[in-house]
Amino acid sequence: MMIRHLLTGTVLLCCSQAILAATAPFETCPSKAFLIQGAVPKTYAVNLVTGDYDLAQDDMGTKANINAVGFNPNDGFMYGWNYADKKPGRIGNDFKIESLSDVANPTEQNFFVGDISILENAYYVYNSGADSGLYRISLDKNNANYHKMVRVVDGKTLNLTIYDLAFHPSNGLAYSVDNKGNLYQINATSGTATKLGATGVSGTFGAIYFDVNGHLYFSRNNDGKVFSVDINSAKYTAVLFAQGPSSSSNDGARCALAEVVDNADSNIDFSDAPSSYGTYLKDNGARHGLKSPASLFLGKSVDGESDATPFPMSDDDVGVGDDEDGIQFATNLTAGSSAVVMVEASAPGNLSAWIDTNQNGQFDADEQVMTDQPVTAGRKPLYIKIPADAKPGSTWARFRLSSATGLEPTGGAPDGEVEDYQVDIRANSSNVTYYPSSTGWSTVAFEDNWPFEGDYDMNDMVTYLRTAVYRTEGKITQVNISGQLAAVGAAYHNGFGIRLPGILRSQIDEANVQYTVNDRDVSPYNPLEAGRNEAIFIPTYNVWNYVSGGENCIYYRTQAGCGSDIQMNFNLVIPFKESIESDLAGVFDPFIFATPGASHGAHFAQPPGRTYEIHLKNHEPTEAFNMALMNGSGADASDPANNLYFLTKNGMPWAMEMGNRWQYPLEYNDLISGYQKFPSFVTTQGAKDADWFSDAKSNPAHLFKN
């Protein structure tokens, strides 16, 4: 609302001036930056997020330089210095300059540094030297110095070697970066400057911008790199933000009251690894501008968005519009060996890649495994070297294709695509077996009312699981378990556990077990359950500690609008003290149990806590279970003597595992309403309708949708 008022409130005022009537102002406060380049100036519209740019005007109405450009949201015009007339000029939405003919220039010099002070509604220009300096030109017709050049300080006194400056959107101060990379804060009213610190980069920075959040952007002329500094943080080390156009002559302007990206702009391809890897725009995540139509990308296609949606809710992980299809790992990633990746590119470009080999949740500088590798259109094999000290286990890889070179694992690129992959590194001389696949998920769903059937909507807890088993010379050395808590439709409080069948607790290398939730280490919590002989891991004693249903919702992701994003994803890395012989496979043995101290219904005089479990059909409970509970009450037909557990008299289970990412029933919708072939599968003991849980045999009206 403020921007609209600023622009429309003064348009009539500005256009009533007879001396300037040919050009019209910008109607909105543009998020894109404008870059004016060349001895015969041209205007480019630059997306600072990616560095992508388009020619906006190749004829600005003059054959001489235009410099010291700034955008004025008070009237919707840009202002710049017109070298042809040695006067300030006004630039409208046709990008043609009109000199302010009534402004007298007392110096007979040209100015190449300048910007608009929004709060003062004034245009400031600067040139070094005793005969020049910092000048203020009021753009407010009610000001006594309207359209007059008033010197604030001479250039020798201010003594700054700068090539542009930009006014902060709200504090009234200007900022610039000199050729040595020093960041300065300039009080234009008093004509004083304060050095804030070193940015760590140097060069000629001819275009400097602000966004509405106080982030400063400055573009280096010789290579077009756009750097960013958060003025509000007091940490002034610059980060590479994007790759923009290079030029020997550069000057820029943008509306400082605008966000750096238009939220309606979906022509940007963002990365989608977990957020710690640099994914969101606010974290300077990896991103690429998409031309329309896109011509340079990995695989068969590329899609765009206005900001990132990191794992586990990226479109590539929920199965909607998956465009991560340009990289195929043709061989295992083994520490100390070369691996083959098949790369498919739509057109020639430069490919760079990183693998988080130390699994610290970020791509470090020494983890780049491919640098500006030229690729041609089509599919071809490339080789990457996996360091000998790479840590075995699950981690992430990032591939970036662009016409630009010198990309880092984060920041913007003007074209191309970024693709992130969850990968597994194995130890030398080992192999890995995944379930259901290296990228797929299996679903495990529970009803928590055992020994009673309840509403049988099979969504009291739903989790997606993926496992990896590492073997060396046929023996298991390590297992990985990745999971996503997909739904909680239970009024009771439950914990979640996974037992490794046939494995003893004493065989686990407990000191080196790694457990992360949402990519964060949760130590000192130890997921390996204490006091047991069996190897039992407890991701949480109460799933409600990690999820919430949303406003006006009782449950989580079992009703429309009740928790759209998966809020808990976890990863367990479980090494063994010594390699073991075992046929361990599948999802192992997942189960739920009653949260200690929490009520679990009138069937129990006291909260049953850890002694109450629900497992997959015919999976034996753990040693923590109270076998006295299997007494035939309710609908339970368990018969431990005959290895029958957790099934009803009709053979129906309280927990199920499907080898895919399954659409589970909505709250209070019976499983059979959504999957009518399920009873046939159960009663025939799997002889019929083995694919009862497939989308083709479902009734979508009764199922939860992401």
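Letter by letter, the sequence shown follows residues -21 to -1, 1 to 685 in mature numbering (1 follows the signal peptide of the UniProt record, and there is no 0).
The beta carbon of each residue, even a glycine, is placed where N, CA and C say it ideally should be.
For E303 and D295, the rounded distance between their alpha carbons: Annotation note: pLDDT 47 at D295 (below 50); position unreliable, coordinate value reported separately. Taking the straight line from one Cα to the other gives about 7 Å.
Can you give the beta carbon distance from F90 to T22, rounded, assuming they're within the 8 Å contact cut? The Cβ separation is near 19 Å, so there is no contact.
Does the structure place the segment 245 to 254 close enough to the segment 405 to 422 that three or more beta carbon pairs sit under 8 Å? no
Give me the Cα-Cα distance between residue 743 and L175, rounded to the nearest whole angstrom. The structure shown does not extend to residue 743, since the chain spans only -21 to 685, so no value can be given for it.
At which residues does the beta strand (DSSP E) containing I651 begin and terminate? It is not in any beta strand (DSSP E) - I651 instead sits in the alpha helix (DSSP H) that spans 650 to 653.
How would you write the range of the beta strand (DSSP E) that F604 sits in, first residue to last? Per DSSP, F604 belongs to no beta strand (DSSP E) and is neither H nor E.
From A47, S207, N161, residue whose alpha carbon lies closest to that of G231: A47
Just to confirm before moving on: does the CB-CB distance between N329 and S381 stay below 8 Å? yes
Ignore the nearest five residues each way along the sequence and tell me which others in G653's own chain have a CB closer than 7 Å to its CB. P644, S677, N678, H681, L682
Name the one or two DSSP bridge partners that T313 has. R405
Out of Y647, L626, D674, A675, which has the shortest C-alpha to C-alpha gap to V661? L626
DSSP three-state assignment for R640, whether helix, strand or coil: coil
Quick one: Cα of D668 to Cα of E636, how far? 15 Å
What would DSSP say about F583, mapped onto helix, strand or coil? coil
Measure how close the beta-carbons of F56 and G71 come, nearest whole angstrom, since I'm counting them as under 8 Å. 6 Å
Cα-Cα separation, D615 to M609: 8 Å
Residue burial classification, Q664 (beta-carbon count within 10 angstroms, cutoff 16): exposed
In terms of residues, what are the limits of the beta strand (DSSP E) holding K364? 357 to 364
With distance defined between alpha-carbon atoms, name the residue in K596, S169, A177, A309 nearest to N161. A177
Collapsed DSSP secondary structure at R450 in the structure displayed: strand
Give me the Cα-Cα distance between N622 and E599, rounded to the nearest whole angstrom. 7 Å
Where G(-13) sits in the DSSP three-state scheme: Because the pLDDT at G(-13) is just 35, under 50, the model does not fix this residue reliably, and the point stays unresolved.
Should D618 be labelled buried (16 or more other beta-carbon atoms within 10 Å of its own) or exposed? exposed
Those residues which DSSP pairs with M635 across a bridge: A424
Rounded C-alpha distance that separates E489 from P554: 8 Å
Comparing C-alpha positions only, which one of K684, N639, G638, M631 sits nearest to E646? K684
Return the CA-CA distance between G68 and Y32, expressed in angstroms with no decimal places. 24 Å
The segment 414 to 426 touching the segment 277 to 285, judged by at least three CB pairs closer than 8 Å: no
Top-ranked residue by Cα proximity to V191, from A607, A213, A237: A237
Examine the Cβ distances between the segment 445 to 459 and the segment 569 to 582 and report whether three or more of them are shorter than 8 Å. no
Going by DSSP, what residue range makes up the alpha helix (DSSP H) through L137? 134 to 137
Put A620 into one of helix, strand or coil per three-state DSSP. helix
Quick one: what's got a C-beta closer than 7 Å to M(-21)'s C-beta in the same chain, skipping five residues either side? Confidence at M(-21) is low in this model, with a pLDDT of 26, below 50, so the placement of that residue should be treated as unreliable; the coordinate-derived value is given next. The answer is none, since no qualifying residue turns up.
Cβ-Cβ separation, V552 to T446 (assumed contact under 8 Å), whole Å: Their Cβ separation, rounded to whole angstroms, is 12 Å, which puts T446 and V552 out of contact at 8 Å.
Between the segment 262 to 270 and the segment 94 to 111, do three or more beta carbon pairs fall short of 8 Å? no
Of all the beta strand (DSSP E) runs that stay within the bounds of the segment 488 to 551, which reach a length of 3 or more residues? 493 to 496, 513 to 519
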